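Per the working numbering, residue 1495 is the first one in the sequence shown, and the count goes up by one each step.
One structure is given below, encoded as structure tokens.
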Amino acid sequence: MAGISDEDIQKVRDASDLVAVIGERTPVKQKGRDFWCCCPLHQEKTPSFKIDPATQLWHCFGCGEGGDVFSFIMKTEDFNFPEAVRYLADRAHIDIAEDTRGGGVSRSVKSRMKEICARTAEFYHTQLMRGRGEGPDAARKYLASRGFGGEVPKKWMLGYAPGRGALVRHLSALGFKPDEMIRANVALDGRGGPVRDRFYERVMFPIFDAQGDCVAFGGRVIGAGEPKYLNSQETPLFHKSQVLYGLDQAKARMASTGCAIVVEGYTDVIALHEAGVTNVVATLGTALTMRHIRVLAKHAPKKIVYLFDGDAAGQKAADRALAFIGESISDKNRNSVELLAVTLPNNQDPAEFVQAEGAQALEAVVEGALPLIEFGLERRLDSFDLDTAPGRDRALDACLAVLAPIKDTLVAKDYAVRTWSRLRAHGRLGIEEADVLERLAALETPRGAAEEETGPEAPAPRPVRRALSQAERNRLRFEREFLALACQHPLVGLAHADALAQVQWHEEVHRLLAESVLATLSENPGAAPADIVTKATLATPHAARVLTAGSSYPSSTPEAIGAYLAEELALGDAEEAIGALTAQMNAGADGEEAELLHAAVTTLQMDVAARRVAHRALPAS
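Listed below in structure tokens is the structure:
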């Protein structure tokens, strides 16, 4: 693993008992040697989530997910692998050594960065509250014009950045080094000269994570100037795709109401909170991402409402949000949170609206928010003149494009028909209901735009499923059982290494897993099951779902089950070979070739028949 050594990964694994880690999030109950709980990844009432303390692996029989302690943190926190290792290292108070050129930093360095951010926020706040001169006066005047006087600057730790090296001098006097200030992104390299302040002559909005630690800053220029808003760049502490402004102050109200409201600006968040609407957060110079939604869903499990400005910029943001239609529908399988959207009237932003109309009026607007699909369709319908035939035709095409990401779902088909019916009510349409569904099915599914993750850590598409015969379903089940057994009982895997290498796997994922298990056991015959799963996940993202599953056979030993499955797969391969040879013989082989093929088929059939007689039934589960 680039940036983190295998030794440190193992050290973190050894210090992170899976039962304890999962037990911190959901109640677990021991049954026999295993522990069980309701799955944290999807809604269920009956526990189907099994934790094996011996192998340190987990598997949910409800949603099919599984893995080790790292994959559990990755799925529940929406982390990649290095982030999960660092998270568990922090939990276990382990200081891991990393190659900072790879982007990783140790826990102690992160702690130092947070200290710099905290001291910087205090410095900016003091400059705002006690500073003298034209700059601080202008900052206070701007905040007063937005209604942010009294206790508001103190509550939100608002500040003023004077620039001209004032912050660098202050932090230097506190003992911080120039490279530490640059890493925390509060200072910039001086290009041959001394480091310089990143922010100057701006009203400052400290950005806090969900735990209340300052991790970044946003600065608004005072008067004219570009950019109007300047945010901290990405750092090991600050990732724009998952940090939300105001979450530390909004999460309690989100939990009590089950609802989160998302706006687009710092001042909107503050204005709404001060008006009494306290379940509001904002994105930070980026569009809402699926990571944002997953973070919010942990605090607001019922619904997330995206509140758009009524101006042109807000309308563009509303159009960008439609990229979530595909992701939000698929995510409902694992999360019950509903994604809704609404636009404010009269070109107003949230701060202007609440000042003019009051908190109750804003809450009424939020209450009237539409599910994202309906919101998207309404926006498209409002864009066309439905009183003309060409307008209705173009509106139908635009609405079907909105549904394209989920075109194969019953939801999409239902909305397509409802839209067609609504348009027909306005006048003639040159297309019938059945044709609408055909046109929807023919659309190309667009690539998801809401998720900002790309590259090797982006989730891989699931394999396409085809209609399978009962025999093929049995075969794939035996393959999964054999791979899971080889992982969870490495000695059995070693005993059947030849089978792992020779089986003609019917799924490409299974072939990749067999190669990975073999490679891990060849390199380290004493590898633990969790290590095997971790290495296999690098080969395919579907590894944990297969390797942590498998059935239990209380009346049989792992060795007996392994011998049975290895033989069953070998017999299946032999029968397929007989079929291939028979097909070749029937395809027109003659003379000596036909005789050789016939002899080979006869020999194989006799061998398989004898082995089938000796082959015992599958051990009872």
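Ideal Cβ positions, reconstructed from N, Cα and C, are used throughout, including at glycine.
Keep in mind that this is a model prediction, so the values were computed, not measured.
Separation of residue j from residue i, as counted between CA atoms
{"i": "GLY1641", "j": "ALA1765", "result": "8 Å"}
{"i": "TRP1999", "j": "ALA2021", "result": "24 Å"}
{"i": "SER1802", "j": "VAL1756", "result": "Here residue 1802 is Phe; the residue named in the question, Ser, does not match the sequence. Computed Cα separation, rounded: 8 Å."}
{"i": "THR1834", "j": "ARG1912", "result": "According to the sequence displayed, residue 1834 carries Leu and not Thr. When rounded, the distance between both Cα atoms is 19 Å."}
{"i": "PRO1955", "j": "ALA1855", "result": "Its pLDDT being 37, under 50, PRO1955 is placed unreliably in this model, and the value from its coordinates should be taken loosely. Answer to the nearest angstrom: the Cα atoms are 43 Å apart."}
{"i": "ARG1873", "j": "LEU1866", "result": "11 Å"}
{"i": "LEU1871", "j": "PHE1670", "result": "54 Å"}
{"i": "ARG1922", "j": "TYR1723", "result": "49 Å"}
{"i": "SER1639", "j": "GLY1625", "result": "18 Å"}
{"i": "GLN1849", "j": "SER1542", "result": "50 Å"}
{"i": "ALA1935", "j": "GLU1559", "result": "30 Å"}
{"i": "GLN1504", "j": "LYS1792", "result": "29 Å"}
{"i": "LEU1582", "j": "ARG1606", "result": "19 Å"}
{"i": "VAL2102", "j": "PRO2052", "result": "24 Å"}
{"i": "PHE1711", "j": "ASP1762", "result": "16 Å"}
{"i": "VAL1563", "j": "GLU1571", "result": "12 Å"}
{"i": "HIS1920", "j": "PHE1847", "result": "34 Å"}
{"i": "VAL1737", "j": "VAL1774", "result": "13 Å"}
{"i": "ALA2108", "j": "LYS1544", "result": "35 Å"}
{"i": "MET1675", "j": "ASP1589", "result": "21 Å"}
{"i": "ALA2037", "j": "ALA2104", "result": "35 Å"}
{"i": "PRO1795", "j": "GLU1538", "result": "14 Å"}
{"i": "ALA1845", "j": "HIS1767", "result": "10 Å"}
{"i": "PRO1884", "j": "MET1698", "result": "51 Å"}
{"i": "VAL2040", "j": "LEU1970", "result": "11 Å"}
{"i": "LEU1937", "j": "THR1780", "result": "29 Å"}
{"i": "ALA1895", "j": "THR1783", "result": "21 Å"}
{"i": "GLU1720", "j": "PHE1869", "result": "33 Å"}
{"i": "LEU1790", "j": "ALA1910", "result": "30 Å"}
{"i": "SER1735", "j": "PRO1839", "result": "28 Å"}
{"i": "ALA1769", "j": "GLU1832", "result": "25 Å"}
{"i": "SER1499", "j": "VAL1579", "result": "11 Å"}
Strand pairing of residue i, partner residues [DSSP]
{"i": "GLY1713", "result": "MET1698, LEU1724"}
{"i": "TRP1999", "result": "DSSP lists no partner for TRP1999."}
{"i": "ASP1546", "result": "LEU1551"}
{"i": "ASP1691", "result": "ALA1681"}
{"i": "CYS1753", "result": "LYS1797"}
{"i": "CYS1708", "result": "PHE1702"}
{"i": "VAL1836", "result": "LEU1801"}
{"i": "CYS1531", "result": "PHE1543"}
As assigned by DSSP and simplified to three states, the class of residue i
{"i": "LYS1569", "result": "helix"}
{"i": "ASP1502", "result": "helix"}
{"i": "ALA1855", "result": "helix"}
{"i": "LEU2075", "result": "helix"}
{"i": "ASP1992", "result": "helix"}
{"i": "ALA1776", "result": "strand"}
{"i": "LYS1539", "result": "coil"}
{"i": "GLU1577", "result": "helix"}
{"i": "GLN1524", "result": "strand"}
{"i": "GLU1616", "result": "helix"}
{"i": "LEU1738", "result": "coil"}
{"i": "CYS1611", "result": "helix"}
{"i": "VAL1986", "result": "helix"}
{"i": "GLY2056", "result": "helix"}
{"i": "PHE1976", "result": "helix"}
{"i": "PHE1564", "result": "helix"}
{"i": "ALA2068", "result": "helix"}
{"i": "GLY1669", "result": "coil"}
{"i": "CYS1981", "result": "helix"}
{"i": "ALA1791", "result": "helix"}
{"i": "ALA2094", "result": "helix"}
{"i": "GLY1653", "result": "strand"}
{"i": "ASP1584", "result": "helix"}
{"i": "GLU1645", "result": "coil"}
{"i": "VAL2040", "result": "helix"}
{"i": "ARG1733", "result": "Strictly speaking, residue 1733 in this sequence is His, with Arg absent from that position. Three-state result, HIS1733: coil."}
{"i": "HIS1767", "result": "helix"}
The ligand HEM heavy atom lying under 8 Å from the CB of residue i
{"i": "ALA1980", "result": "For the structure depicted, the ligand HEM is absent and the ligand set is empty, with no information on it obtainable."}
Task: At least three beta-carbon pairs within less than 8 Å, the stretch 1710-1718 to the stretch 1745-1757 - done: Contact fails: fewer than three Cβ-Cβ distances are below 8 Å.
Open item on the list: Three or more C-beta pairs under 8 Å: does that hold for the stretch 1602-1618 against the stretch 1657-1672?
Closed with: Cβ pair count under 8 Å is three or more, so yes.
Open item on the list: Quick check: the stretch 2022-2036 against the stretch 1969-1987, are at least 3 beta-carbon pairs closer than 8 Å?
Closed with: By the Cβ rule, the stretch 1969-1987 counts as touching the stretch 2022-2036, because three or more pairs are nearer than 8 Å.
- [ ] Determine contact between the stretch 1643-1650 and the stretch 1681-1688, defined as no fewer than three beta-carbon pairs at a distance below 8 Å.
- [x] Cβ pair count under 8 Å is below three, so no.
Open item on the list: Any contact between the stretch 1504-1515 and the stretch 1550-1563? By contact I mean 3 or more CB pairs, one from each, below 8 Å.
Closed with: Two segments are said to touch when three or more pairs of C-beta atoms, one from each, lie closer than 8 Å; by this definition the stretch 1504-1515 touches the stretch 1550-1563.
TODO: Evaluate the contact criterion for the stretch 2094-2102 versus the stretch 2002-2009: three or more CB pairs, one atom per stretch, below 8 Å.
DONE: By the Cβ rule, the stretch 2094-2102 does not count as touching the stretch 2002-2009, because fewer than three pairs are nearer than 8 Å.
- [ ] Just list the alpha helix (DSSP H) runs in the stretch 1838-1906, keeping only unbroken ones of 4 residues or longer that don't cross its boundaries, in chain order.
- [x] Restricting attention to alpha helix (DSSP H) runs no shorter than 4 residues, the stretch 1838-1906 encloses them at 1844-1851, 1853-1861, 1866-1876, 1883-1897, ordered along the chain.
Open item on the list: Does the contact criterion of 3 or more C-beta pairs under 8 Å hold for the stretch 2007-2016 versus the stretch 2072-2081?
Closed with: Flag = no, the stretch 2007-2016 and the stretch 2072-2081 do not touch.
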